[in-house]
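Here is the structure we will look at, set down as structure tokens.
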Ligand code: NAD
């Protein structure tokens, strides 16, 4: 099929590459002309494992193209996928300006009966809103909600082996259902993974899924703080709780608070949708409140527990800046909150990340020292804080670290190191809710 993917960010670029990989002819378009130029020159603007090779392969085989001419790409396509950003507005609602603009362009440019697939995360009612915008187009446009569930860092795998494909459309729209079935057929061969539903349910499902996951994280982060007070260990509590099949083991790890481009904005947007309809979603509100407070934990621990309330002149090393491993995405990363707090307290920050330093450099310039070798961050530092659990930080050379640090203090924001072993080596070790920390 001939496809056009509008918005070449994390979702659009992965979707475009994967749909090309499964045999379609795909044009990826974006209003950011410089991004398209870079892609045409063979440069991939984001880090996602495996993506660069997949793009190169499909460009070489002439199934994947990049263009800034959105109208032309729309006119040439049977299926148009929308993957533009839907950031939070200041009132918490999802900003739909890009979605509206895209819908208007599509309505003005279609040259055949098409399916318009909404992959962006959009609030309930957006499918109906887009339908209104495109209803007078010269050709029929079938608007389908198809929220995306891929995870940055494992996006290609998630896309090619999805847990489920949600398709929200009108129950009597056989045209759209047929196109969507054919589109996803290659990734749903092994099992029946389609879930068809009405658009509102599909739109809401995405927000509920993200909020549910965020809620588990916030709850365990609160439990971790309680563990510290009562002398329990959140690792053990997590194991004990997660072994209950009704609960399951995933998303129960205590840490520095959730970040990224999805959970923070989606939780708040769900609360906003509730309020618009007179429903106070108190658990979702609390999830957000707890997370905002918890993201201050690392800085609070440093200041209050380890430096007697004064961080002035202290040199703090940070390992990990991306909001999670295997991505370069720093949007809402807990590392940013930590950096802000440290700089605000007069501390000096030296940091390392395998992929996300460019994003941090763009935000902080030379206010943060970024180092190419992770160990260099620790030179003469008063503490090393681990924020993102990249594999290369899991088992470092601790004796080397000890010789580099001015003070042997390790603050482990992801609880990946053994406090017991490290204390035996002469470190002061502090985690999030782990015993004796
Ligand atoms: P992103 O910011 O990485 O990319 C969005 C792209 O859209 C940008 O390249 C931007 O230039 C482009 N764009 C904006 N307005 C445009 C317009 N009018 N016409 C054409 N292009 C335009 O965003 P993302 O992380 O890929 O997320 C996209 C959507 O997918 C969001 O709604 C997000 O909530 C959702 N989502 C994201 C993820 C994820 O892990 N990042 C996962 C699932 C769902």
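Residue numbers (the numbering used here): 3 to 439.
Think of the CB as a built atom: it goes at the ideal place given N, C-alpha and C, for glycine as much as any other residue.
In angstroms with no decimal places, state the Cα-to-Cα distance between residue i and residue j.
{"i": "residue 222", "j": "residue 134", "result": "43 angstroms"}
{"i": "residue 410", "j": "residue 351", "result": "16 angstroms"}
{"i": "residue 94", "j": "residue 290", "result": "11 angstroms"}
{"i": "residue 230", "j": "residue 394", "result": "28 angstroms"}
{"i": "residue 118", "j": "residue 171", "result": "11 angstroms"}
{"i": "residue 296", "j": "residue 206", "result": "27 angstroms"}
{"i": "residue 1", "j": "residue 327", "result": "Outside the displayed span of the chain (3 to 439) sits residue 1, for which this structure offers no information."}
{"i": "residue 242", "j": "residue 22", "result": "44 angstroms"}
{"i": "residue 196", "j": "residue 234", "result": "43 angstroms"}
{"i": "residue 439", "j": "residue 300", "result": "Its pLDDT being 46, under 50, residue 439 is placed unreliably in this model, and the coordinates cannot settle the point."}
{"i": "residue 18", "j": "residue 285", "result": "36 angstroms"}
{"i": "residue 335", "j": "residue 294", "result": "11 angstroms"}
{"i": "residue 374", "j": "residue 254", "result": "32 angstroms"}
{"i": "residue 203", "j": "residue 239", "result": "35 angstroms"}
{"i": "residue 347", "j": "residue 251", "result": "37 angstroms"}
{"i": "residue 408", "j": "residue 435", "result": "25 angstroms"}
{"i": "residue 10", "j": "residue 387", "result": "33 angstroms"}
Got a sec? Which residues, its chain only, sit under 7 angstroms from residue i by beta carbon, not counting five neighbours each side?
{"i": "residue 46", "result": "53, 54, 57"}
{"i": "residue 104", "result": "8, 84, 86"}
{"i": "residue 424", "result": "400, 412, 431"}
{"i": "residue 363", "result": "372"}
{"i": "residue 106", "result": "135"}
{"i": "residue 124", "result": "88, 96, 98, 101, 205"}
{"i": "residue 356", "result": "392, 394"}
{"i": "residue 249", "result": "243"}
{"i": "residue 218", "result": "253, 254"}
{"i": "residue 287", "result": "273"}
Please classify residue i: does DSSP put it in a helix, a strand, or coil?
{"i": "residue 2", "result": "Nothing about residue 2 can be reported from this structure: the residues present for the chain run from 3 to 439 only."}
{"i": "residue 317", "result": "strand"}
{"i": "residue 166", "result": "coil"}
{"i": "residue 420", "result": "coil"}
{"i": "residue 95", "result": "coil"}
{"i": "residue 274", "result": "helix"}
{"i": "residue 329", "result": "coil"}
{"i": "residue 110", "result": "helix"}
{"i": "residue 411", "result": "strand"}
{"i": "residue 141", "result": "coil"}
{"i": "residue 17", "result": "helix"}
{"i": "residue 253", "result": "coil"}
{"i": "residue 135", "result": "helix"}
{"i": "residue 287", "result": "helix"}
{"i": "residue 48", "result": "coil"}
{"i": "residue 371", "result": "strand"}
{"i": "residue 281", "result": "coil"}
{"i": "residue 90", "result": "strand"}
{"i": "residue 76", "result": "helix"}
{"i": "residue 151", "result": "coil"}
{"i": "residue 101", "result": "helix"}
May I ask which residues mark the beginning and end of the alpha helix (DSSP H) holding residue i?
{"i": "residue 217", "result": "201-232"}
{"i": "residue 116", "result": "Note, residue 116: premise wrong, no alpha helix (DSSP H); beta strand (DSSP E) at 116-120."}
{"i": "residue 404", "result": "400-406"}
{"i": "residue 241", "result": "236-244"}
{"i": "residue 8", "result": "Not the alpha helix (DSSP H): residue 8 falls in the beta strand (DSSP E), residues 4-8."}
{"i": "residue 54", "result": "53-62"}
{"i": "residue 37", "result": "35-42"}
{"i": "residue 191", "result": "Segment: none, residue 191 is in no alpha helix (DSSP H) and carries neither H nor E."}
{"i": "residue 366", "result": "359-366"}
{"i": "residue 336", "result": "336-346"}
{"i": "residue 183", "result": "176-186"}
Which same chain residues end up closer than 8 angstroms to residue i when comparing Cβ atoms and leaving out the 5 residues on each side of it in sequence?
{"i": "residue 429", "result": "400, 404, 410, 411, 412"}
{"i": "residue 90", "result": "96, 97, 266, 267, 270, 271"}
{"i": "residue 60", "result": "19, 22, 23, 28, 66"}
{"i": "residue 417", "result": "236, 237, 255, 256, 257, 433, 434, 435, 436"}
What residue range does the beta strand (DSSP E) around residue i cover?
{"i": "residue 431", "result": "430-432"}
{"i": "residue 69", "result": "66-69"}
{"i": "residue 352", "result": "350-354"}
{"i": "residue 27", "result": "27-31"}
{"i": "residue 303", "result": "Counting along the chain, residue 303 falls outside any beta strand (DSSP E), and DSSP gives it neither H nor E."}
{"i": "residue 81", "result": "81-84"}
{"i": "residue 386", "result": "385-388"}
Would a check of beta-carbon distances place residue i closer than 7 angstroms to chain C?
{"i": "residue 292", "result": "Protein chains in the displayed structure number just one, and chain C is not present."}
Excluding sequence positions up to five away, which residues of its chain have a Cβ less than 6 angstroms from the Cβ of residue i?
{"i": "residue 115", "result": "141, 142"}
{"i": "residue 340", "result": "300, 301"}
{"i": "residue 216", "result": "260, 265, 269, 289"}
{"i": "residue 150", "result": "13, 121"}
{"i": "residue 31", "result": "8, 69, 72, 75"}
Touching by the beta-carbon criterion (3+ pairs, under 8 angstroms), the stretch 168-178 and the stretch 138-157: yes
The stretch 69-85 contacting the stretch 3-23, beta-carbon criterion three pairs below 8 angstroms: yes
The stretch 338-356 in contact with the stretch 365-373 per 3-pair CB rule at 8 angstroms: yes
Inter-stretch contact (C-beta, 8 angstroms, three-pair minimum) for the stretch 35-42 and the stretch 66-74: yes
Segment contact, 8 angstroms Cβ cut-off, at least three pairs: the stretch 318-332 with the stretch 380-390: yes
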